[in-house]
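Visitor: Please find one structure pasted underneath; my questions will follow.
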Amino acid sequence: MLEDYKRDMYWCSACEGCRLGSFEALDDPICPTGERFLFESYYAEGRMVNARCLMDGKLEWSERLIDRYFTCLRCGACAEICYKEMGRHLLKVIEEVEKELVRRGIGPHPKQRYENYEKFFKNYRERQEEAVKKMSEVEAMYFLGCDLSCYNKHITEATIKILESAGEKFATSPRAWCCGYPIIYTGQMEQAKDIVTSNVDAIESLGIEKIISSCPHCTRIFKYDYPEILGSELGFKILHTSEYLSEMIKDGALKPKTPVMEKVTYHDPCLLGRQGGKVYDQPREILRSIPGINLVEMNRRTGNA
Ligand code: SF4
Ligand code: SF4
208 MLEDYKRDMY WCSACEGCRL GSFEALDDPI CPTGERFLFE SYYAEGRMVN ARCLMDGKLE
268 WSERLIDRYF TCLRCGACAE ICYKEMGRHL LKVIEEVEKE LVRRGIGPHP KQRYENYEKF
328 FKNYRERQEE AVKKMSEVEA MYFLGCDLSC YNKHITEATI KILESAGEKF ATSPRAWCCG
388 YPIIYTGQME QAKDIVTSNV DAIESLGIEK IISSCPHCTR IFKYDYPEIL GSELGFKILH
448 TSEYLSEMIK DGALKPKTPV MEKVTYHDPC LLGRQGGKVY DQPREILRSI PGINLVEMNR
508 RTGNA
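Residues in the sequence shown are numbered from 208 upward in steps of one, following our numbering.
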């Protein structure tokens, strides 16, 4: 509930850290929506002020808030700065305002509404149960989600090749399984609970002990949002591909041999780094293990990426 984060929204000291960024890179603004709309209420500070006004009854819950809150990309750059400097949880405040807007029937943005996905989620559980019946019990599952089963298939194919070359035994999730990200990240929690429960039941019924995902969104959603939505820990472990493969490289189960004579850099995805268990080292360890790779770092990296 929004009330639970009163301390976070009321103690905003208007320091502008969430607009200007860290002390190490002050000339490099961090909030994508603030920089896009150039209006105070599209930065975290403005979002905190509006949340306070809503709590105090000085601002009405209205459609004017939809854009102000649902445009937030939840990249967490503001929260990283604010938490580091002030110990505040900005994203929780933004999330709770969004959930309340949904509860009141005001948000989200029309294009983000569950109704737009309803056709896809219709009979989701039945389709999932049918798919599970055709699968055998297995220890690990490579979870694809929408992006890796429909769009970035080259990542899926390459990852499967690597896992198979190391002799790993795993199942691949059927194409139509969704982690629930579009629904969860727009505060539509009632509908999200059905998808989450259905996924967890399907995975547990297969005896799966670990889920491997190449998608930062799926990884983050499974790791942190599922336990929060269900109110209990999951009976299986979630690992991003980079966590899984870096362990295999350390154990000697996987050895990159083909030289890649390239100068490369690594951009930390927000949902894998600052919002996904701070997975910063593993992707770099994998890159460094490839012969010939010259890994160079950008000024903005890890929590400040
Ligand atoms: S960084 Fe935190 S304390 Fe500073 S203005 Fe932003 S929300 Fe307020
Ligand atoms: S989460 Fe990202 S987009 Fe949202 S207010 Fe913070 S910096 Fe801006």
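Beta carbons: idealized from backbone N, C-alpha and C, even for Gly.
Keeping to the same chain, check which residues put their C-beta closer than 7 Å to that of Lys457; ignore five residues upstream and five downstream.
Guide: Once the five neighbours on either side are set aside, Lys457 has no close Cβ partner at all.
Visitor: Closer than 8 Å is the cut-off here; do at least three beta carbon pairs connect the region 303 to 320 with the region 271 to 279?
Guide: Contact between the region 303 to 320 and the region 271 to 279 is present, because at least three Cβ pairs lie under 8 Å.
Visitor: Answer with buried or exposed for Glu267, where buried requires no fewer than 16 other C-beta atoms within 10 angstroms of its C-beta.
Guide: Glu267 is exposed by the Cβ-count criterion.
Visitor: Tell me which same chain residues have a C-beta within less than 8 Å of the C-beta of Val304, skipping the five on either side of it?
Guide: Hits under 8 Å: Leu209, Arg254, Asn257, Ala258, Leu261, Leu272 and Tyr276.
Visitor: Skipping 5 residues on each side, what residues in its chain have a beta carbon closer than 6 Å to that of Asn511?
Guide: These residues qualify, in order along the chain: Ser229.
Visitor: With the cut-off set at 8 Å, would you say Gln398 and Pro315 are in Cβ contact?
Guide: Not closer than 8 Å, so no.
Visitor: Under a Cβ-count criterion, where at least 16 other Cβ atoms within 10 Å of its own Cβ denotes burial, should Pro476 be classed as buried or exposed?
Guide: Answer is buried; the Cβ neighbour count reaches 16.
Visitor: Exposed or buried, what is Met348 when buried is set at 16 or more other beta-carbons lying within 10 Å of its beta-carbon?
Guide: Label assigned to Met348: buried.
Visitor: According to DSSP, simplified to helix, strand and coil, what is Leu446?
Guide: Strand.
Visitor: Which residue from Asn406, Cys422 and Lys464 puts its Cα closest to that of Ala383?
Guide: Nearest of Asn406, Cys422 and Lys464 to Ala383, Cα basis: Asn406.
Visitor: Ligand 2: which residues have Cβ under 7 Å from any of its heavy atoms, chain order?
Guide: Qualifying residues, in the order they occur: Cys225, Ile237, Cys238, Pro239, Thr240, Gly241, Tyr250, Ala251, Arg254, Cys279, Leu280, Arg281, Cys282, Gly283, Ala284, Cys285, Ala286, Leu297, Leu298 and Ile301.
Visitor: Let me know the secondary structure DSSP gives Tyr324 once reduced to three states.
Guide: Note: Tyr324 maps to coil in three-state DSSP.
Visitor: By Cβ distance below 8 Å, which residues in the same chain neighbour Asp235 in space, the five residues on each side in sequence not counted?
Guide: Taken in chain order, the residues that qualify are Gly228, Asn506 and Arg507.
Visitor: Write down the C-beta distance between Gly352 and Ser420 rounded to the nearest angstrom, noting that I regard them as a contact closer than 8 Å.
Guide: That belief holds up - the Cβ atoms of Gly352 and Ser420 are roughly 7 Å apart, short of 8 Å.
Visitor: Got a sec: does ligand 1 put a non-hydrogen atom nearer than 7 Å to the Cβ of Ser220?
Guide: Yes, since a heavy atom of ligand 1 falls inside the 7 Å radius drawn around the Cβ of Ser220.
Visitor: How long is the line joining the alpha carbons of Ser220 and Ala338, rounded to whole angstroms?
Guide: Those two C-alpha atoms are separated by around 52 Å.
Visitor: Please determine whether the Cβ atom of Glu223 lies at a distance below 7 Å from any heavy atom of ligand 1.
Guide: Under cutoff, so the answer is yes.
Visitor: Classify Val486: buried if its beta carbon has 16 or more other beta carbons within 10 angstroms, exposed otherwise.
Guide: Buried, since its Cβ has 16 or more Cβ neighbours within 10 Å.
Visitor: With a threshold of 8 Å, are at least 3 pairs of Cβ atoms found where one atom belongs to the region 466 to 481 and the other to the region 490 to 500?
Guide: Segments in contact, yes.
Visitor: Taking 7 Å as the line, does the beta carbon of Cys260 fall inside it for any heavy atom of ligand 1?
Guide: Checking the Cβ of Cys260 against ligand 1 gives no.
Visitor: What's the call for Glu322, buried or exposed, on a 16-neighbour Cβ count within 10 Å?
Guide: When all chains shown are included, Glu322 counts as exposed.
Visitor: Could you give the residue range of the alpha helix (DSSP H) that holds Met208?
Guide: No alpha helix (DSSP H) contains Met208, which DSSP labels as neither H nor E.
Visitor: For Tyr451, collect the residues of the same chain with a Cβ closer than 7 Å to its Cβ; drop the 5 residues on either side in sequence, then sort them by chain order.
Guide: Contacts found: Ile419.
Visitor: Would you kindly work out how many angstroms separate the C-alpha atoms of Trp218 and Arg491, rounded to a whole number?
Guide: Taking the straight line from one Cα to the other gives about 37 Å.
Visitor: For Tyr349, which beta-bridge partners are listed by DSSP?
Guide: Bridge partners of Tyr349: Thr379 and Ile419.
Visitor: Let me make sure I understand the geometry here. Which of Arg281, Leu370, Ala373 and Arg495 has the alpha-carbon closest to that of Arg427?
Guide: Checking every option, the nearest Cα to that of Arg427 belongs to Arg281.
Visitor: From the DSSP output, which residues share a beta bridge with Asn501?
Guide: Its beta-bridge partners are Lys470.
Visitor: Mapping the DSSP letters down to three states, classify Leu452 as helix, strand or coil.
Guide: Here Leu452 sits in helix by DSSP.
Visitor: Just confirm the distance between the C-beta atoms of Glu440 and Glu346, as a whole number of angstroms; I'd bet it's less than 8 Å.
Guide: Glu440 to Glu346, Cβ: 19 Å. No contact.
Visitor: Quick check: is any heavy atom of ligand 1 less than 7 Å from the C-beta of Ile288?
Guide: Yes, the Cβ of Ile288 comes within 7 Å of a heavy atom of ligand 1.
Visitor: Run through DSSP, which three-state label would Pro434 get?
Guide: DSSP places Pro434 in helix when its eight states are reduced to three.
Visitor: Quick check: the Cα distance between Ile367 and Phe327, rounded to an integer number of angstroms?
Guide: Taking the straight line joining both Cα atoms gives about 26 Å.
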